Structure formats: C-alpha cells, structure tokens
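Residue 25 is where the sequence shown starts when you use the numbering used here, and the numbers rise one by one after that. For each residue, glycine too, the CB sits at the ideal point set by N, CA and C. Note that the coordinates shown come from a computational prediction; the quantities given were computed from them, not determined experimentally. Step one of this worksheet: look at the structure below.
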Amino acid sequence: MKSWLFLNLENMNILKTHQIKVLQYIKLFTLFSILAFSFSCNDKECDYDEPCIETCNLFEDFENKTIGTSGNWIGIATGTLQIQTRNGSQVLYVQDGSGSTIAYNGIDFPRDLNAQGCALRLDIEYASGSSNSNTTDNGIGIYSDTDPLSASFRAFFILNSSNLITSGNPPTTIEVPLELASGTTLPSNSFGTWVISPSTTPATDVANFNALIQNAQGVYFSIDEGGNPSEQWRFDNFCFKQCCSIQF
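Okay, here's the thing in structure tokens:
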C-alpha cells in the first residue's frame with residue numbers, strides 16, 4: 025500500500041514538474057513572438073506612432089550680430105535702429121521718429137513662410153514714452169514688392185485685447201500663425217488675427233493672403249503707437265514653431 029502511494033506521489037511530482045516546464049516554454053515562446061513582431065514591422069504595420077514633441081527652430085536671436093549695426097533691417101522715419109544689448113542678450117532696438125515709422129527686413133526671412141512651420145514665435149518689449157498708449161496691439165507684418173510702403177499687398181498680425189503688450193513689462197512672447205487662410209476668414213489664434221490691406225471681398229482677401237504668405241518679400245514692424253515719437257521697441261528670439269498634427 026505504501027509503495028503504491030509513494031509511486032503515485034512520485035508520478036504526481038513528475039507531472040507537476042513537466043507542467044511547470046511546459047508553462048515556462050509557453051512564456052518564452054510568447055515573449056519571443058512579441059519581440060520578433062516588434063522588430064519585423066514598421067510603425068504603420070504595428071499601428072504605432074512615435075510621440076510628437078513640439079519644437080521651435082531658432083531663426084534669429086541677434087547674438088552673432090555686431091552691436092551698433094542694423095544688419096539687414098531698414099528703417100523708415102525711425103529715430104534709432106540698431107542691435108543693442110539688453111539684460112545680457114542682444115536685441116533689435118527701434119525708436120520712433122517723426123512721421124509714419126516702420127522697420128523692415130527684405131533679405132533674411134524666407135519667402136514661403138507657410139513652409140517654415142505652423143507659427144512664428146518672437147519676443148516684443150515696448151516702452152510707450154510720454155503721451156502715448158500704455159498698451160499696443162502691434163504684432164508683425166509681411167509685404168509684397170520692394171518695401172512695405174510701396175507694396176501692393178500687406179498683411180499685419182493684430183493682437184487680441186487679452187494679449188496686448190504693456191509698456192514697461194518684460195518681453196512678451198507672441199505666436200503668429202503661418203497657415204493658409206480657408207473659407208472666408210484669415211488665420212487667427214489665441215494671440216490675435218491677420219488682416220490684409222487693401223481689403224476687398226472675403227474671398228479675394230483669402231486668395232491674396234495665401235499668395236502673400238507663400239511669397240512674402242519680407243517682414244516689418246509698425247513702430248507708431250501715438251502722436252509723440254518717443255516709443256521704444258525691442259525684438260528678439262524669432263523661431264519657427266513645429267506643431268504636432270492632430271490624430272484621431
């Protein structure tokens with residue numbers, strides 16, 4: 025009787041050992057299959073997308089420019105236009121002059137702004153001087169032809185009332201959408217909206233804006249914010265933002 029029980033127990037132990045080994049083989053086979061599948065398919069076949077990280081490709085921060093020069097920036101009725109040092113960083117400094125004051129650059133920036141990214145990001149610092157508005161909605165503009173004043177078309181990004189730049193504040197970062205217009209409206213975002221001059225019908229404005237943003241002669245800043253030519257502006261850290269596409 026004891027021998028029979030002993031044999032049964034021994035057989036059961038052998039069976040359990042065999043079952044454990046089988047389970048181990050199954051686990052190893054499963055792990056190997058997963059690894060083999062992972063290395064044998066591309067992202068689309070595996071239904072896997074690498075996470076997108078938004079970046080902003082630096083375009084101009086004036087750090088390699090000579091202090092006291094203006095580079096390729098040109099002033100129309102400006103008081104001062106030059107690269108200066110500000111809080112340990114080099115910036116483009118523009119002071120207002122008498123008349124309609126504009127600072128523009130028709131050389132450095134790409135013609136096809138739409139192809140550079142989803143937005144242009146830059147820092148703006150504003151000092152109003154006396155008898156001028158303490159806030160400004162001036163963003164940045166683009167133009168056709170030789171310069172902003174003689175351009176057939178100009179488009180300007182105007183800041184929303186909730187994103188005005190306040191005199192005396194540290195530099196304010198804004199983002200200007202570089203997308204094409206669609207429907208009957210020009211591009212806009214939480215910072216502001218594009219307007220075009222001259223403006224006619226919505227459909228014509230959209231067509232003219234799309235042609236302009238894909239073939240801009242240059243960019244410009246409007247320096248006037250009041251009747252007293254004492255405004256001071258500083259611009260820095262231009263970069264082209266690369267946005268992640270929305271996936272469903």
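- Per DSSP, the beta-bridge partners of residue 147 are 197, 260.
- For residue 267, the closest of 145, 127, 86 by C-alpha to C-alpha distance is 145.
- Residue 235 sits in a helix when the DSSP states are folded into three classes.
- Rounded to whole angstroms, the gap between the alpha carbons of residue 256 and residue 131 is 24 Å.
- Here residue 143 is near residue 265, since their CB atoms are less than 8 Å apart.
- Scanning its chain for C-beta atoms nearer than 7 Å, with the 5 sequence neighbours on each side dropped, one finds around residue 106 the residues 92, 93, 94, 117, in chain order.
- In the structure shown, residue 173 adopts coil according to DSSP, grouped into three states.
- Residue pairing from DSSP places residue 80 in a beta bridge opposite 265.
- The residue from 83, 251, 190 with its alpha-carbon nearest to that of residue 158 is 190.
- For residue 180, the enclosing beta strand (DSSP E) has its first and last residue at 178-183.
- Following the DSSP letters along the chain, one finds residue 161 in no beta strand (DSSP E), marked with neither H nor E.
- Looking at 263, 252, 262, 259, the one whose alpha-carbon comes closest to that of residue 122 is 252.
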